Structures are given as structure tokens and as C-alpha cells.
Amino acid sequence: MFPAKVARKLPVVFYGRVKFGDLSGEVVLQGAPIMGKVGFGQQFEKFSGSRGIAEFSISGTLVFKGYCHMGKDCQFSVSPGAYCEMGDMSALGSNVKLICTERIVLGDWTGIGFESQLIDTNAHPMINTETGERYPMKGPIQLGSHNAVSNRVSFMPNCKTPDYCVIASNSLCNKDYTQLGEKILIGGVPAKLIKENYSRDWDQEREILKRNKIVRF
Numbered sequence: 003m004f005p006a007k008v009a010r011k012l013p014v015v016f017y018g019r020v021k022f023g024d025l026s027g028e029v030v031l032q033g034a035p036i037m038g039k040v041g042f043g044q045q046f047e048k049f050s051g052s053r054g055i056a057e058f059s060i061s062g063t064l065v066f067k068g069y070c071h072m073g074k075d076c077q078f079s080v081s082p083g084a085y086c087e088m089g090d091m092s093a094l095g096s097n098v099k100l101i102c103t104e105r106i107v108l109g110d111w112t113g114i115g116f117e118s119q120l121i122d123t124n125a126h127p128m129i130n131t132e133t134g135e136r137y138p139m140k141g142p143i144q145l146g147s148h149n150a151v152s153n154r155v156s157f158m159p160n161c162k163t164p165d166y167c168v169i170a171s172n173s174l175c176n177k178d179y180t181q182l183g184e185k186i187l188i189g190g191v192p193a194k195l196i197k198e199n200y201s202r203d204w205d206q207e208r209e210i211l212k213r214n215k216i217v218r219f
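The sequence shown begins at 3 in the working numbering and counts up one residue at a time.
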């Protein structure tokens, strides 16, 4: 999926068993084509086991803006005509599902905890049974930079988060949260503001994250 001069650098490395679906789309790797710039299926969490259910299917456009890391058993799909963008040092934890049918964007340094899901469609046509109004099936998801997402968080259509946002475990994010400002903690079903002036200590963790998430040979 890359020109020969890029492909020979092996910029994307897959670990373990991965099922490849439709690969008719376009993958764009911004910046220098460094070996292992994108890792898919490499362990970086505590537990090392894998169920071997990882899938990778790209029939739309997938853009990597820099280094990106995806854990074990991730299921990743970009549909025809859809656009997905992974920011520099973005990451998906193990067992994350990403289903992009329109547009999903992750900002720089945004990490998604294990068993979470990003799905920009409700997959089925829905109507108002009283008025007959038909609701949109799709809506973009856009996560700001330096978002720290806990485990089992669901991102649904039209979700938008600000920079420096922390999201609590088992939350459902389904609207625009940017009006709440930066450096906040949100959570719940659906998610709401829990605390202000709250942020992961990125300065303290930056070098640790680089060591754990950048593929090295």
C-alpha cells in the first residue's frame, strides 16, 4: 500500500496473527518512513496473552501523522469514502474496536484504553415514530490532543473532545464536549463534566511513553 521507496523501510510492523480484510484504500504516512513507525499488535500493557482476533481493513483513507501504536487484538476498519487520522504518538490499547464509516480523528498523544470502541455510525436507520423524522446514521468523531482515555469507553457519532481531556472508565461519549474547556475530567453514561483543572502529567510521562510505545529494533 506504499510506494516501493517507503515500503522497503518497513514503516508498519504487525505482530502476531492478523486477519487482513479489504486493503483497497489509501494509507498515508506523514514524515520520514522510519522502520516500525506504526506498530500493530505489539505488547505494551501488563498482560501478554492474545486471543488472535486482530483484524485490519482499509478501503477508505488512513493517515498516520507520526508514530502510532496499536495493542493486541485490535479490530480496525475504515470504510470506502471514509477518513481516519491518527495523530503523532496516538495509541490504541488491546481489544479496541475502531469502525470508521465517515470520519474519525485522534489528536497527538491521545491514547485509548483497552476494550474501548470508536464507532461513527449507529449502523441502522432510526426514525422518530411519531413524526417520521429520520435520524442521521453517521457522525464524525474528533478527539483532541493529549486525551487520556480509560478502559471500556465508547465513542459514538458526533463526539468531540477538547485538548487535555481525561475520560473515566466505562463512559459513553456521544456529544461535543469542547465547550467545557481544556484540562477536564468527564465520565458517565452519557459522559458529563466531573472535574475541572484535571490532567494527566504529560511532562512526567512523556519519555516513559516514548520508550514503551515506539517500536525499537
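Where is the CB? At the ideal position from N, CA and C, for every residue including glycine.
A quick note: this is a predicted structure, and the numbers were derived from the prediction, not measured.
Going by alpha carbons, who is nearest to D110 out of M88, S96, E117, Q119?
For D110, the nearest C-alpha among the options comes from M88.
Which residues bound the beta strand (DSSP E) around V29?
Element bounds for V29: 28-31.
Helix, strand or coil for K48, going by three-state DSSP, please let me know.
Looking at K48 - three-state DSSP - the assignment turns out to be coil, as it is neither helix nor strand.
Using a Cβ-Cβ cut-off of 8 angstroms, state whether Q44 counts as contacting chain D.
In the structure shown, chain D cannot be found, because there is only a single protein chain.
Given S147, which residues of its chain have a CB within under 7 angstroms of its CB, disregarding the five upstream and five downstream residues?
Hits under 7 angstroms: G89, G109, D110, W111, T112, D165.
Which of helix, strand or coil does DSSP assign to L187?
In the structure shown, L187 sits in a strand (DSSP, three-state: E or B).
Use the C-beta contact count for Y69: other C-beta atoms within 10 angstroms, 16 or more gives buried, fewer gives exposed.
With 16 or more Cβ atoms within 10 Å of its Cβ, Y69 is classed as buried.
Would Y179 pass as a contact of K197 if the rule is Cβ separation under 8 angstroms?
Contact: no.
Looking at the strands, I want to know which residues DSSP matches up with T163.
Paired residues: none, contrary to the question.
Is there contact between the segment 71-79 and the segment 96-105, where contact requires at least three CB pairs shorter than 8 angstroms?
Touching, yes.
Kindly identify the DSSP beta-bridge partner or partners of M88.
Paired residues: F66, L108.
Can you find the residues in the same chain that come closer than 7 angstroms, C-beta to C-beta, to K140, ignoring five residues on each side of it along the sequence?
Closer than 7 angstroms at the Cβ level, and outside the excluded window around K140, lie T103, E104, D122, T123, P159.
Does DSSP classify D203 as helix, strand or coil?
D203: coil per DSSP, three-state reduction.
Which residue marks the beginning of the alpha helix (DSSP H) containing V8, and which one marks its end?
Element bounds for V8: 6-9.
Closest to K48 by CA distance: which of A9, A84, G115 is it?
The option with the nearest alpha carbon to K48 is G115.
Out of A170, Q144, P142, state which residue places its alpha-carbon closest to the alpha-carbon of V155.
Measuring from the Cα of V155, the nearest candidate turns out to be A170.
Within 10 angstroms of its Cβ, does I210 collect 16 or more other Cβ (buried), or is it exposed?
Looking at its Cβ environment, which holds fewer than 16 other Cβ atoms inside 10 Å, I210 is exposed.
Considering Cα atoms alone, identify which of L195, N176, L174, S173 is closest to L182.
Checked all of L195, N176, L174, S173; the closest Cα to L182 is L195.
With 16 as the cutoff for other CB atoms within 10 Å, does I60 come out buried or exposed?
Burial call: buried.
On a CA-only basis, which of V15, K212, F4 is nearest G27? Give me that one, please.
That would be F4, whose Cα lies nearest to the Cα of G27.
Going by alpha carbons, who is nearest to A193 out of I216, E135, C167?
Ranking I216, E135, C167 by Cα distance to A193 puts C167 first.
Using beta-carbon positions only, say whether V14 and V40 come within less than 8 angstroms of one another.
Yes, the pair counts as a contact, with Cβ atoms nearer than the cut-off.
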